[in-house]
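Protein chains in written order, with our numbering: chain S, 533 to 1082; chain E, 533 to 1082. Glycine included, every Cβ here is placed at the ideal spot set by N, Cα and C. Since this is a predicted model, take the numbers as computed values, not measurements. Below is one structure, written out as structure tokens; the observations come after it.
2 protein chains.
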Amino acid sequence: MKIALAQLNYHIGNLPYNVAKIKNGILRAKSEGAELVAFSELSVCGYPPKDLLLHDGFIRACEDAVKDIAQECKGIAAIVGAPARNEKHKGKSLFNSAFLLVDGQIAAQVNKTLLPFYDVFDEYRYFEPAEENELMEYKSVKIALTVCEDVWNERPLNDRYLYKHSSLETLCTPDTNCIINIAASPFSYIHSEERKQIFETSASRYKLPFFYVNALGANTDLIFDGGSMVIASNEGIVDEMSYFTEEISIYELSGKSVKPVKPQKRSHPQNHIERIYHALVLGIRDYFQKNNLTSAVLGLSGGIDSALVLALTAEALGSKNVHAVMLPSRYTSEESLKDAGELVMNIGCSYDSISIEPGINAAYSSLADAFKGRQADVTEENIQSRMRALLLMAISNKMGYLLLNTSNKSELATGYGTLYGDMSGALSVLGDVYKTQVYELARYINTIKKGLIPSNIITRPPSAELKPNQKDTDSLPDYDILDKVLHEYIEMEKSQIDIKVDGASPELVKRIVDMVNRNEYKRKQSPPILRVSPKAFGSGRRMPIVAKYI
Amino acid sequence: MKIALAQLNYHIGNLPYNVAKIKNGILRAKSEGAELVAFSELSVCGYPPKDLLLHDGFIRACEDAVKDIAQECKGIAAIVGAPARNEKHKGKSLFNSAFLLVDGQIAAQVNKTLLPFYDVFDEYRYFEPAEENELMEYKSVKIALTVCEDVWNERPLNDRYLYKHSSLETLCTPDTNCIINIAASPFSYIHSEERKQIFETSASRYKLPFFYVNALGANTDLIFDGGSMVIASNEGIVDEMSYFTEEISIYELSGKSVKPVKPQKRSHPQNHIERIYHALVLGIRDYFQKNNLTSAVLGLSGGIDSALVLALTAEALGSKNVHAVMLPSRYTSEESLKDAGELVMNIGCSYDSISIEPGINAAYSSLADAFKGRQADVTEENIQSRMRALLLMAISNKMGYLLLNTSNKSELATGYGTLYGDMSGALSVLGDVYKTQVYELARYINTIKKGLIPSNIITRPPSAELKPNQKDTDSLPDYDILDKVLHEYIEMEKSQIDIKVDGASPELVKRIVDMVNRNEYKRKQSPPILRVSPKAFGSGRRMPIVAKYI
């Protein structure tokens, strides 16, 4: 049988758009000879639909959409993902389902059994787990049809199986011909490796060909990287589809053997930094496209974070759709002005410079009475940062450009940023990228676009330039050490006392962890953050705000 | 047997504080003759501990704390709530447990069976449900010990039982002597009524005395109102403890009969508005106390929202700890200045007035080149709002006062507010209070504190005063109708097409629902909101940002 995998980019809640895209995929797969085409998890409504699932009208619309798609299934069958009602009167009211559509009808329905509810996942909030797993049959091929997490309980994590049983153990009988998994598996820079490992293990354990179709595209913070693949039980990965771009590929399944109908050479991102680069570009592009917006504005400082965001945004939207604004003050160095000027020349975007001096001087004098007799402190630094945000948001409002945020993960973690100041913006591009990774990304960009980011921006010591001769290291430990401690605390979820990093004394570890905890309130109000790591700030990390941390 | 219920206010993660408070409760209960004292759910660590539960050091500290508390249990037994490890290698690594502590030892452990995962609850994220329910025995009294949600599957909701079985059905055998439920049940203005109904139903169905001990106090957005109670199977509610204040009460259980050892007359809040008033005062007070802060600053406009927040904050913190700042512009009316002045006189708090004119004029002229040839629009209104926030945050930073947000739920719902402007603040006091409820609260305050809020503030038509002769109704429907439509959409989770409200045409309903959906991105960046309704913006309502809503 010829099976197509359709790795497409859906728009959450936009059922007419998703239905048209799926129908078009069905027609294309059929015209290229496929007998069955599989789309990703919840493809009909986009993933994650979140609390839209609690609205009955939304469920009705999804039901109609599935029936509508079935009409296109003539001479080809399709597997699509959509929410379905649980008709029983006990348990959650919905299932996360895969539908087999044949000859204009829903021929079979399979419900997801293992529902993830960790990190960014909330599936138990909406769905009842399936109690029974049955094989699905089409044209005498018996398929272990599974939905995403269903195939993830095949190996213990920290010596623990998260779920009490394995769907595959039940479904992979002597009769079974293949496994199909429809997924919406959010990107992190290590996730594609994890996937390959666990799928190869499963294909080999159950001695079955394994088809994996993933979603593509970014939905606010979550990025889906594609990388759909086909694994043969005895030869490992037979084909690995594109990353970060839509694709439909067709495979010939015969017995236990499977091969692509038209073998392709593709080059895949090779390392963490390359993957993060493509993920961020896709994340920015989709945020704009799916919001029907074209143009971005961002504040340049002459530093590396805003330079990197500018380069990424120009790649995502085209340089004519990016507007860079320098907002100098008395503390802005000639070096910063020169570096920023050189950068925008290289990028080829529009550039404005608006001094914040009149604004901050007005604010200082308005506050002079109230502040009489008090020393200058961080207040005056914050005023500068907030005045910049006020001017950038005014440009955003007047011109219809979306303000992009340039804070990095090291800053967000330690609270080294001003709420309503440099923490402003519609989307945080680098909020899941540590400062050390910011440098790596900048260097990577300079390898693929020779010298795009002026080398002085990469080599000079970082400074917020909010007072004379300020350096980040006045307030923060060296980023090399800081980022390692942060990684242990945030990504590895170690307790402070369990964190061991070369060069970091227990006192320094405590100081860093305290900074992270103390600034939960700031992160509560941060823009959505493009998630690229296994543990990003945002919906995947839910820490209390009013609490004493130990 | 004499059973005490200890309804106390815990600090999340502050184990030494919670342990000391629990030990003190044990000693007090013992000194008054109790043989067993029950504390609320997860009392050892505070509720909800959220992702602190993912850190092993935190779990170790909770384990040590339980053992430490056990040392105080001499001549009295205690029931406390804490996380416990799941020693099996399948399933989540923790249980949400109740421990019976007797004679310095852990005598029994009961694990929560029904784990809520809706609205603000995420318990499946951390906990494995108990598979077995066993009776707990102490001094020959057989107790159906349950944790919060365990007793909530006793009646269907919308014709559906959320869980597949009932813990009470298993636990309430002919041998059982009573039910004890330890809870952390977040306040909403209808929740105490729901509780009473379901507990009376259970006590009567299972013909058993029912002891319910709830948490007290606010933890960021969630408020716990106490209202612990004892129900006899044949006579309904025997005693209803205080709301919004700590209390320990002792009851004599003999056979099926139960009565308070020292009967007390208490007056409980009688209606939604009274409850919301007390909840908000507690919510503000605990946010400050648990953050070790004393003073608040807020911007007065002369309007009703800021007047109400000022009155609530003065009640919560004392009027000497509240600092009101008027930030007039050319559009601020004499009436607003006069009303605000009268209000601060009545409240007796400090008052400052700082014109935003120098600041906004500086901003306008800085932007003049960039905006050349463009009409004034909402940009200029937003600049005023953001300049106010900049000055308020400067006062907050310089003085160490916390800025309180004054946006109401109708504004947050419709996006009638400026991000980084009037949407700023550490805590949103009214973000779960519709404008029509804001008026009711103001009138209620004027009945308990005669004329505190000048009547002109309550009677004049609301205006943002960001341009000449502006009224809220220029941009929004009448609040009476608006709030009803919002309630249907937000609290009732109806789809747009299913919303029917007198006076609202289908077009108006669509316009309102579109406003709500379009402004999800603004609410993402709002401060935490004190939750008083069954469906607040925040962790209980998780809508996608980049999406097309239908």
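Approximately 6 Å separates the beta-carbon atoms of residue 977/S and residue 985/S; this is inside 8 Å, confirming the contact. In the DSSP assignment, residue 925/E falls within the unbroken alpha helix (DSSP H) covering 910-931.
Under a criterion of Cβ atoms nearer than 7 Å, the residues of chain E adjacent to residue 890/S are, in order, 894, 897 and 898.
The Cβ atoms of residue 647/E and residue 613/E do not sit closer than 8 Å to each other.
Within its own chain, the residues whose Cβ lies closer than 8 Å to the Cβ of residue 956/E, once the five positions on either side in sequence are excluded, are 921, 924, 925, 935, 937 and 1059, listed in chain order.
Short of 6 Å from the beta carbon of residue 597/S, and not among the five residues preceding or following it, lie these beta carbons of its own chain, in chain order: 547, 551 and 576. Within the region 923-997 of chain E, the runs of alpha helix (DSSP H) that reach at least 4 residues and sit entirely inside it are, in chain order, 941-946, 967-980 and 987-991. At a cut-off of 8 Å between beta carbons, residue 918/S contacts chain E. Distance check between residue 795/E and each of 784/E, 802/E and 805/E places 784/E closest, using alpha-carbon atoms only.
Residue pairing by DSSP places residue 823/E in no beta bridge whatsoever. Using a Cβ distance threshold of 8 Å, residue 797/E and residue 765/E do not count as a contacting pair. For the pair residue 566/S and residue 602/S, the CB atoms are not nearer than the 8 Å cut-off. Below the 9 Å Cβ cutoff, chain E contributes no neighbours of residue 1042/S, its closest Cβ being approximately 12 Å away.
By the beta-carbon neighbour count (other beta carbons within 10 angstroms, threshold 16), residue 651/S is buried. Unbroken beta strand (DSSP E) runs of no fewer than 3 residues, entirely contained in the region 576-646 of chain E, are found at 609-617, 626-634 and 637-643, following chain order. Pairing residue 590/E with residue 560/S, the inter-Cα distance amounts to about 54 Å. With respect to chain S, the C-beta atom of residue 747/E has no partner C-beta closer than 8 Å. Annotation for residue 756/E: the continuous beta strand (DSSP E) segment containing it runs 754-757.
Taking 8 Å as the threshold, the shortest C-beta distance from residue 692/S to chain E falls below it. In this structure, residue 966/E sits near residue 942/E, with a CB-CB distance shorter than 8 Å. Cβ-Cβ separation between residue 810/E and residue 772/E: approximately 15 Å, too far for a contact (criterion under 8 Å). Within the same chain, Cβ atoms closer than 7 Å to the Cβ of residue 605/E are found at 558, 633, 634, 635 and 636, the five residues on either side in sequence being excluded. In the structure shown, residue 681/E falls within a helical segment according to DSSP collapsed to helix, strand and coil. Under the Cβ criterion of 8 Å, residue 589/E is counted among the residues facing chain S.
For the region 1052-1075 of chain E, the set of residues with a beta-carbon nearer than 8 Å to any beta-carbon of chain S comprises 1053, 1056, 1057, 1058, 1059, 1060, 1071, 1073, 1074 and 1075, in chain order.
Taking CB atoms only, residue 603/S has no neighbour in chain E less than 8 Å away. The C-beta of residue 625/S comes closer than 8 Å to at least one C-beta of chain E. The continuous alpha helix (DSSP H) containing residue 1053/S extends over residues 1052-1056. Within 9 Å of the CB of residue 751/E, the CB atoms of chain S belong to 1076, 1077, 1078 and 1079, in sequence order along the chain.
Taking 7 Å as the Cβ-Cβ cut-off, the region 940-957 of chain S approaches chain E at 952 and 956, given in chain order. Between residue 779/S and residue 758/S the beta-carbon gap is near 7 Å, inside 8 Å, which marks them as a contact.
DSSP places residue 788/S in the coil class of the three-state scheme, outside both helix and strand. Taking 8 Å as the Cβ-Cβ cut-off, the region 1013-1032 of chain S approaches chain E at 1025, 1026, 1027, 1028, 1029 and 1030, given in chain order. Of the candidates 806/E, 723/E and 689/E, 689/E places its Cα closest to the Cα of residue 621/S. Per DSSP, the beta bridge partners of residue 761/E are 744/E and 772/E. Residue 910/E counts as exposed, since fewer than 16 other C-beta atoms from the protein chains shown sit within 10 angstroms of its C-beta.
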